[in-house]
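Chemist: Input: one structure, supplied below.
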């Protein structure tokens, strides 16, 4: 059997799927690997392209049988359950590995460091809409990525892991991740709860090298265009972390830090989306904790008077150079 299982999740990505498959097949890795693909009932030509690759590389590529749309979490579970390797790495169909040595570097590291359960890297961020790449996201944002026991750091939003940059031990997934628990808790996606659960049990290691490209596709699952959808996603994110706070009886100080960070973020997003109700909800929480400063009070007042708020926004836009949308995870 193979040492590495590469998981690929696909849904309506015919535009990008060839680049994803080509970058995996171009890996200069002397360790044997298999590619397990879960196409979640794509309605475009994604599956057709994947079948073409499977025919070309029948010994390496396994395309899971066609099934009705499962959603992200169940598709992830199906892919993981089909993996036979000692190690797992994922590359979703809208991302790609630009470093052909990615697997070689990560597997060599894990093979020689049996005390590490997961290794991840920096990533370039490609904005599909503007055709601009932001190199080495973590480094360019001067983020300090912790190693070892990182549960609290992930929980409080000190850093995030690019899914396509991670490589981890299958044994740790089998031992610690309970997919029924994920599904019964109504988690919206797979990566964050996986990192939180795994980080309670195994050590993480960060390699400061951008080995993958994360693609920001407008109106995708993680970057919705619809305003209401953004709050649904934020709420889902909040509930996942809350689940682990309760599950592991996280200390009050850490739990409060998480709440404060969440409400600061939510307030800012609500302000940018002109959503007074959501902004007010977070403002009230922060005010109770004596964390609502003068600037926040002013912003909340502006939201109550949309005409003034819109006028200010137009003025700002006229005088400001265009900036890229932030990557949120």
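Numbering (my numbering), first residue to last: 26 to 354.
In this text, a Cβ means the ideal position worked out from N, Cα and C, and glycines have one as well.
Exposed or buried, which one is residue 25 when buried takes at least 16 other CB atoms within 10 Å?
Modeler: Coverage of the chain is limited to positions 26 through 354, which leaves residue 25 absent and any answer about it impossible.
Chemist: Nearest to residue 109 by alpha carbon, out of 61, 329, 191, 234?
Modeler: 61
Chemist: Tell me, which residues are paired with residue 109 by DSSP?
Modeler: In the DSSP output, where bridge partners are listed per residue, residue 109 has none listed.
Chemist: In the DSSP output, what is residue 29 paired with across the bridge?
Modeler: 58, 112
Chemist: In terms of residue numbering, what span does the beta strand (DSSP E) encompassing residue 147 cover?
Modeler: 141-152
Chemist: Quick check: what's the CA-CA separation for residue 270 versus residue 222?
Modeler: Distance between the alpha carbons of residue 270 and residue 222: 11 Å.
Chemist: Using three-state DSSP, classify residue 329 as helix, strand or coil.
Modeler: Residue state for residue 329 is assigned as helix, using DSSP reduced to three classes.
Chemist: So for residue 159, helix, strand or coil by DSSP?
Modeler: Look at residue 159 here: in three-state DSSP terms it is strand.
Chemist: Output needed for residue 165: all residues of its chain with C-beta closer than 8 Å, excluding positions within five of it in sequence on either side, in chain order.
Modeler: If we look at residue 165 and ignore the five residues flanking it on each side, its Cβ neighbours are 159.
Chemist: What three-state label does DSSP hand residue 170 in the structure shown?
Modeler: Here residue 170 sits in coil by DSSP.
Chemist: Residue 112 and residue 141: beta carbons closer than 9 Å?
Modeler: no
Chemist: Work out the CA separation of residue 216 and residue 104 for me, nearest whole Å.
Modeler: 13 Å
Chemist: Taking residue 229 as part of the beta strand (DSSP E), name the residues at either end of that continuous run.
Modeler: 228-241
Chemist: Name the residue from 235, 180, 174 whose alpha carbon lies nearest to the alpha carbon of residue 405.
Modeler: Within the shown structure, residues of the chain are numbered from 26 to 354, placing residue 405 beyond reach of any answer.
Chemist: Nearest-angstrom Cα distance between residue 258 and residue 213?
Modeler: 8 Å
Chemist: For residue 44 and residue 125, I'd like the C-alpha separation in whole angstroms.
Modeler: 13 Å
Chemist: Only counting the same chain, and skipping five residues up and downstream in sequence, which positions put a Cβ closer than 6 Å to that of residue 123?
Modeler: 238
Chemist: When you compare only the Cα positions, how much space is there between residue 231 and residue 326?
Modeler: Put simply, the backbone Cα of residue 231 is about 42 Å away from that of residue 326.
Chemist: Are there 16 or more other CB atoms within 10 angstroms of the CB of residue 57, so buried, or fewer, so exposed?
Modeler: exposed
Chemist: Give me, in chain order, the residues of the same chain whose beta-carbon lies closer than 7 Å to that of residue 175; leave out the 5 immediate sequence neighbours on both sides.
Modeler: 224, 229
Chemist: Taking just the CA atoms, how far does residue 344 sit from residue 211?
Modeler: 44 Å
Chemist: Is the Cβ-Cβ distance between residue 335 and residue 290 less than 9 Å?
Modeler: no
Chemist: In the DSSP output, what is residue 88 paired with across the bridge?
Modeler: 62
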